[in-house]
Amino acid sequence: MPDLLRVENLRVELEVNQKKVQIVKGISFRIAKGEVFAIVGESGCGKTIATQGILKLFPYNIKAAVTGSVFFDGEDLLKKSEAELSRIWGSKIGIIFQDPINSLNPSMKIERQISEVLDNHKKLPAGEKKEIILDFLQKLGITSPESCLKKYPHQLSGGMCQRIMMAIALICGPRLLIADEPTTALDVTIQAQIVQLLQEFVENNSLSLILISHDLSLLANIADKVAVMYQGLILESGNIEEIINNPLHPYTKGLLAAVPDNWNFPSTQVSVPVPEGFSGTVVQGEGCVYLSSCPEAMNICQVRVPEEIALSHSRRISCWLTAPR
Amino acid sequence: MDRDYSFQRIEKIQSKADSALNNNQGQYFWRRFAGNPRGVFGLSTVVLLIILAVFIPWFSQYSYDYQNLSITNQPPGQNNWFGTDSLGRDLFVRVWYGARISLFLAFSATGLCLVIGVVYGGISGFIGGWLDEVMMRFIEVLSSIPFLLYVVLLMVWMGSGLKAVFIALASVYWLTMARVVRGQVVLVKTEGYVQSAWTLGVGTKGILFRHIFPNIIGTIIVTSAIMIPEIVFAEAWLSFLGLGVSIPMASWGALASEGIEGFRNYPWQLFFPAFFISLTMLSFNFLGDGLREAMDPKFDQ
Amino acid sequence: MVRFIVHRSITIIIALWLIVTATFIIMHTIPGGPFSRDKRVPPAVLENLTAKYHLDDSYARQYFDYFSGLSRLDFGPSFRYDFSVKDIIVRAFPVSAQLGAVSVVLALILGLGGGIISAYSHNKWPDYLVTFISSLFLSVPSFILASLLIFIFAYKLMWLPPAMWGNWQQIIMPALALSALPAAYISRLARTSILEILQREYVLTARAKGLSRISIFFRHILKNSILSVVTYLGYLIASIFTGSFVVENIFAIPGLGRYFVTSILNRDYTLILGLTVFYAVFLMAMNLLVDIFYLIIDPRIRTIGKE
Numbered sequence: 017m018p019d020l021l022r023v024e025n026l027r028v029e030l031e032v033n034q035k036k037v038q039i040v041k042g043i044s045f046r047i048a049k050g051e052v053f054a055i056v057g058e059s060g061c062g063k064t065i066a067t068q069g070i071l072k073l074f075p076y077n078i079k080a081a082v083t084g085s086v087f088f089d090g091e092d093l094l095k096k097s098e099a100e101l102s103r104i105w106g107s108k109i110g111i112i113f114q115d116p117i118n119s120l121n122p123s124m125k126i127e128r129q130i131s132e133v134l135d136n137h138k139k140l141p142a143g144e145k146k147e148i149i150l151d152f153l154q155k156l157g158i159t160s161p162e163s164c165l166k167k168y169p170h171q172l173s174g175g176m177c178q179r180i181m182m183a184i185a186l187i188c189g190p191r192l193l194i195a196d197e198p199t200t201a202l203d204v205t206i207q208a209q210i211v212q213l214l215q216e217f218v219e220n221n222s223l224s225l226i227l228i229s230h231d232l233s234l235l236a237n238i239a240d241k242v243a244v245m246y247q248g249l250i251l252e253s254g255n256i257e258e259i260i261n262n263p264l265h266p267y268t269k270g271l272l273a274a275v276p277d278n279w280n281f282p283s284t285q286v287s288v289p290v291p292e293g294f295s296g297t298v299v300q301g302e303g304c305v306y307l308s309s310c311p312e313a314m315n316i317c318q319v320r321v322p323e324e325i326a327l328s329h330s331r332r333i334s335c336w337l338t339a340p341r
Numbered sequence: 003m004d005r006d007y008s009f010q011r012i013e014k015i016q017s018k019a020d021s022a023l024n025n026n027q028g029q030y031f032w033r034r035f036a037g038n039p040r041g042v043f044g045l046s047t048v049v050l051l052i053i054l055a056v057f058i059p060w061f062s063q064y065s066y067d068y069q070n071l072s073i074t075n076q077p078p079g080q081n082n083w084f085g086t087d088s089l090g091r092d093l094f095v096r097v098w099y100g101a102r103i104s105l106f107l108a109f110s111a112t113g114l115c116l117v118i119g120v121v122y123g124g125i126s127g128f129i130g131g132w133l134d135e136v137m138m139r140f141i142e143v144l145s146s147i148p149f150l151l152y153v154v155l156l157m158v159w160m161g162s163g164l165k166a167v168f169i170a171l172a173s174v175y176w177l178t179m180a181r182v183v184r185g186q187v188v189l190v191k192t193e194g195y196v197q198s199a200w201t202l203g204v205g206t207k208g209i210l211f212r213h214i215f216p217n218i219i220g221t222i223i224v225t226s227a228i229m230i231p232e233i234v235f236a237e238a239w240l241s242f243l244g245l246g247v248s249i250p251m252a253s254w255g256a257l258a259s260e261g262i263e264g265f266r267n268y269p270w271q272l273f274f275p276a277f278f279i280s281l282t283m284l285s286f287n288f289l290g291d292g293l294r295e296a297m298d299p300k301f302d303q
Numbered sequence: 031m032v033r034f035i036v037h038r039s040i041t042i043i044i045a046l047w048l049i050v051t052a053t054f055i056i057m058h059t060i061p062g063g064p065f066s067r068d069k070r071v072p073p074a075v076l077e078n079l080t081a082k083y084h085l086d087d088s089y090a091r092q093y094f095d096y097f098s099g100l101s102r103l104d105f106g107p108s109f110r111y112d113f114s115v116k117d118i119i120v121r122a123f124p125v126s127a128q129l130g131a132v133s134v135v136l137a138l139i140l141g142l143g144g145g146i147i148s149a150y151s152h153n154k155w156p157d158y159l160v161t162f163i164s165s166l167f168l169s170v171p172s173f174i175l176a177s178l179l180i181f182i183f184a185y186k187l188m189w190l191p192p193a194m195w196g197n198w199q200q201i202i203m204p205a206l207a208l209s210a211l212p213a214a215y216i217s218r219l220a221r222t223s224i225l226e227i228l229q230r231e232y233v234l235t236a237r238a239k240g241l242s243r244i245s246i247f248f249r250h251i252l253k254n255s256i257l258s259v260v261t262y263l264g265y266l267i268a269s270i271f272t273g274s275f276v277v278e279n280i281f282a283i284p285g286l287g288r289y290f291v292t293s294i295l296n297r298d299y300t301l302i303l304g305l306t307v308f309y310a311v312f313l314m315a316m317n318l319l320v321d322i323f324y325l326i327i328d329p330r331i332r333t334i335g336k337e
């Protein structure tokens with residue numbers, strides 16, 4: 017199957033207080049059509065910045081430099097201008113964010129916020145447009161779409177707002193959806209519904225999905241592949257079953273151990289490593305980024321960064337434990 | 003372990019932690035403030051103006067009301083650095099004497115507002131309930147009156163003069179301070195650490211002075227720093243309307259107002275008081291901004 | 031929403047009652063005031079006053095009459111002019127209102143324009159320039175700016191007439207003098223608020239929709255940032271109108287502010303108090319309008335009452 021998205025050696029450098037800090041330190045992965053690719057890691061590990069780097073879509077107050085290459089449909093997104101990219105954003109690639117309520121404009125009615133994206137990418141007659149929107153909201157499980165369209169975001173619940181965000185991201189029929197912690201701000205029961213909706217869309221529309229999360233139990237049901245990120249690097253990646261059943265990197269083991277009891281890992285057996293302080297701005301030293309928290313650190317880990325090696329067609333890892341000696 | 007879970011001891015530990023924290027916050031605050039050139043400029047100019055206003059009239063050979071009708075409307079020169087006015091009075095000494103009056107008025111009126119505002123706002127916010135409701139309604143009613151009209155009424159009633167200006171301005175500006183203090187007190191009162199101090203049995207006095215006051219002092223300082231130039235402004239406005247301090251005393255506003263009468267021919271009579279009013283405003287504005295930015299990390303972009 | 035308006039109206043009515051009562055008390059207690067018998071007032075005026083206010087009636091009766099007079103805009107005769115206070119208001123207020131309206135609009139245009147430029151060139155030279163100019167304007171009282179403008183543009187360059195009223199050249203300088211400070215303040219407000227909104231997540235959403243910078247600005251940023259400026263509108267109007275007392279005087283504009291100042295200088299009490307009450311009513315009404323306007327444009331507040 018041809019890849020829809022191929023990311024190669026992506027690096028993102030942000031300017032923080034006049035200092036340049038590398039947040040994403042060279043990550044590579046590929047996503048096939050209809051595949052769900054999960055990126056998992058603790059907050060501050062660079063997963064959000066990495067997806068923003070893929071799209072070159074950063075908040076206005078962030079100054080970022082992106083290097084590497086991102087091939088989407090055979091074209092390098094990083095070589096495109098903002099005007100060219102804006103034709104892709106919202107139409108070929110949809111994005112939904114972590115905090116649905118704040119991601120909607122508080123002083124604009126829902127209808128306008130959804131129709132805006134259609135107007136921007138497809139010229140449709142007003143009647144047809146309304147039809148499409150109503151239809152789409154129904155698909156998202158909104159029971160009274162008419163009245164919902166007349167409301168403002170603050171009149172809706174978090175779960176409803178996230179459905180509206182999904183409508184905005186998906187209504188133009190994109191081929192890739194990037195969902196950045198789409199359920200973190202929601203109640204647990206709503207989380208399951210949103211995940212199920214995402215899954216339906218992926219299956220019915222052969223949509224590819226990049227799902228960012230810190231919650232492994234959420235990913236287990238939906239993801240095909242998973243990449244474990246730590247301090248701007250992908251430490252381990254592979255098919256979800258492989259990673260869950262046979263984690264190799266100590267950090268992955270720690271993450272899995274932190275998942276509560278409905279998993280088959282007795283959480284007392286593996287010590288859960290607690291990283292020291294905020295990890296985002298640690299200067300890249302000579303050794304492994306995970307060194308200071310690693311329960312299985314060896315001498316070599318202090319002096320050389322482990323290179324990424326492929327264990328199988330899908331499985332990759334950067335750790336001295338699995339390196340050929 | 004000791005079975006006596008004495009509240010006393012916890013309170014002691016707590017207070018140590020508090021003061022350590024406040025010290026650090028203080029140092030942090032001053033470091034940030036010192037790193038802001040505009041704030042430092044504002045502070046140093048304000049200090050310089052105060053020193054000059056205190057000392058120059060002392061050491062000057064002229065007095066503010068000494069008239070010499072043989073040298074009326076002189077341009078700035080060797081004998082009279084800022085020139086003379088239409089009655090032959092030395093403008094240099096009058097401007098610095100005016101500085102005394104304007105700055106004294108601004109600081110003392112702000113001080114009075116501070117006291118009234120902190121007491122009123124503190125009571126309203128800390129006690130809360132219906133009392134808060136009534137006190138805030140009262141403020142709401144008063145502050146919906148356009149305040150300069152209110153000052154004019156008071157001044158017309160009391161007659162002009164330094165004391166009247168002082169009372170009129172203070173009686174208006176305390177509203178702002180009371181509202182700010184009340185808002186802060188309510189905010190801090192509901193914070194987790196104050197709630198937990200209550201449950202630990204810390205008394206009202208302890209809560210007020212150890213927890214609430216240290217946390218609102220910053221906002222109070224900033225509000226005062228912003229209030230001072232507003233009062234300088236308001237005083238100038240009143241003087242222009244002829245409601246300021248009585249002659250031959252002269253605030254900056256009164257001097258500027260006198261200067262406007264003949265400024266086509268003797269522009270310096272307006273220029274010097276106008277310059278110092280503006281300089282004072284500018285430095286207080288910068289000082290206020292500097293303090294606020296140092297206080298609020300949000301500004302650090 | 032209705033509750034809010036009722037609440038604000040009640041507050042304003044109480045405030046008005048306070049100010050009217052205060053003027054009534056001042057009228058009666060002030061030494062040399064309009065009703066004090068120990069001062070020589072022209073007999074015609076005294077007669078007129080006695081007839082007008084029924085000074086022989088009880089205070090309660092007078093107080094009541096005073097109120098019913100005010101409700102008909104009847105503030106009594108002026109002490110110094112041959113007109114009633116009402117005549118003066120009718121004649122001079124349109125001039126002040128015209129100057130005020132021009133200044134308010136000018137302040138909004140300059141302020142918003144400056145704020146937008148400043149925010150969009152954040153920490154580049156246009157931003158520094160606008161911030162610098164606004165710091166200057168925030169520090170110069172309107173009467174100083176007015177004199178400075180006259181000195182430069184009328185006396186030195188002779189581009190504009192130094193005073194009087196009637197044609198468009200004569201409105202430029204007073205309007206500039208009045209609007210400079212509020213414009214500076216608005217530009218700061220707008221700058222902070224736009225910078226803050228640019229960081230909001232919904233702006234990122236708008237970009238993720240593929241909207242152009244211009245449509246993001248007009249659809250998502252402008253309206254939300256104007257909200258913070260609107261909260262300042264009431265204060266803006268009040269400061270421009272009270273500022274016009276001074277500015278009208280300097281430019282010899284025959285507006286209400288000029289009468290206000292001369293009435294204070296002349297101790298023309300009926301005129302002072304009448305104008306105070308009139309300005310109080312006018313400014314409070316404007317404030318109420320601004321509050322209502324704010325309710326209309328901010329859906330978050332508007333819809334709370336409905337649910």
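Quick note, the sequences are listed as chains A, B and C, same order. Using the numbering used here, the letters of the first sequence map in sequence onto residues 17 to 341. Using the numbering used here, the letters of the second sequence map in sequence onto residues 3 to 303. Using the numbering used here, the letters of the third sequence map in sequence onto residues 31 to 337. Using N, Cα and C, we set each Cβ at its ideal position, and we do this for glycine too. Just so you know, these numbers come straight off a predicted model, no measurement behind them.
- The Cβ-Cβ distance between Val196 of chain B and Ile214 of chain B falls below 8 Å.
- At least 8 Å separates the CB of His230 of chain A from every CB of chain C.
- Bridge partners of Ser114 of chain C according to DSSP: C:Pro107.
- Where Lys155 of chain A is concerned, the enclosing alpha helix (DSSP H) starts and stops at Ala142 to Lys155.
- Under the Cβ distance rule, Asn254 of chain C counts among the residues neighbouring chain A, one pair being separated by less than 8 Å.
- Not one beta carbon of chain C lies nearer than 8 Å to the beta carbon of Phe45 of chain A.
- Apart from sequence neighbours up to five positions away, the residues of its chain that approach Ala339 of chain A with a beta-carbon distance below 7 Å are Pro322 and Ile325, ordered along the chain.
- When the beta-carbon positions are compared, Met160 of chain B and Gly119 of chain B stay at least 8 Å from each other.
- Residue-level contact check: Lys239 of chain C touches chain A, since one or more beta carbons of chain A fall below 8 Å from its beta carbon.
- Around the C-beta of Leu177 of chain B, 16 or more other C-beta atoms lie within 10 Å, and the residue is accordingly described as buried.
- Counting the other CB atoms within 10 Å of its CB gives Phe290 of chain C a total of 16 or more, which places it among the buried residues.
- For Asn136 of chain A, there is no enclosing beta strand (DSSP E); the residue is found in the alpha helix (DSSP H) stretching over Ile126 to His137.
- The beta-carbon of Val32 of chain A is placed no less than 8 Å from the nearest beta-carbon of chain C.
- Using a CB distance cut-off of 8 Å, Val183 of chain B does not count as an interface residue toward chain C.
- For the segment 259-283 of chain C, the residues whose beta carbon sits under 7 Å from a beta carbon of chain B are, in order, Ala268, Thr272, Phe275, Val276 and Ile280.
- Under the Cβ criterion of 8 Å, His265 of chain A is not counted among the residues facing chain C.
- Per DSSP, the continuous beta strand (DSSP E) segment holding Gly254 of chain A begins and ends at Leu249 to Asn255.
- Using a CB distance below 7 Å, the part of the segment 167-181 of chain C facing chain B consists of Leu168, Ser169, Val170, Pro171, Phe173, Ile174, Ser177 and Phe181, ordered along the chain.
- Pairing Val224 of chain B with Leu93 of chain A, the inter-Cα distance amounts to about 48 Å.
- Between Gln209 of chain A and the set A:His329, A:Ile55 and A:Gly175, the nearest pair of CA atoms involves A:Gly175.
- Annotation: Glu324 of chain A is outside any alpha helix (DSSP H) and is labelled neither H nor E by DSSP.
- Taking all protein chains shown into account, His265 of chain A has 16 or more neighbouring C-beta atoms within 10 Å of its C-beta and is therefore buried.
- Taking a contact as a CB-CB distance under 8 Å, the pair Val133 of chain A and Cys188 of chain A counts as one, their CB atoms being some 6 Å apart.
- Contacts between Ala238 of chain B and chain C, judged by CB atoms closer than 7 Å, involve Pro171 in chain order.
- In the three-state scheme derived from DSSP, where H, G and I count as helix and E and B as strand, Ala48 of chain A is classed as strand.
- Under DSSP, the beta-bridge partners assigned to Leu26 of chain A are A:Ile43.
- Taking a beta-carbon distance threshold of 8 Å, Ile118 of chain C does not count as an interface residue toward chain B.
- Any Cβ of chain C closer than 8 Å to the Cβ of Ser102 of chain A would place that residue at the interface, and such an atom is present.
- Short of 6 Å from the beta carbon of Ile230 of chain B, and not among the five residues preceding or following it, lie these beta carbons of its own chain, in chain order: Ala108, Thr112 and Phe286.
- Lys165 of chain B: member of the alpha helix (DSSP H) spanning Leu164 to Lys191, first to last residue.
- Rounded to the nearest whole angstrom, the C-alpha separation of Gly131 of chain B and Gly124 of chain B is 13 Å.
- Rounded to whole angstroms, the gap between the alpha carbons of Leu271 of chain A and Val305 of chain A is 16 Å.
- Residues are counted here when their Cβ sits less than 9 Å from a Cβ of chain C; for the segment 150-169 of chain B these are Leu150, Leu151, Tyr152, Val154, Leu155, Leu156, Met157, Val158, Trp159 and Gly161, given in chain order.
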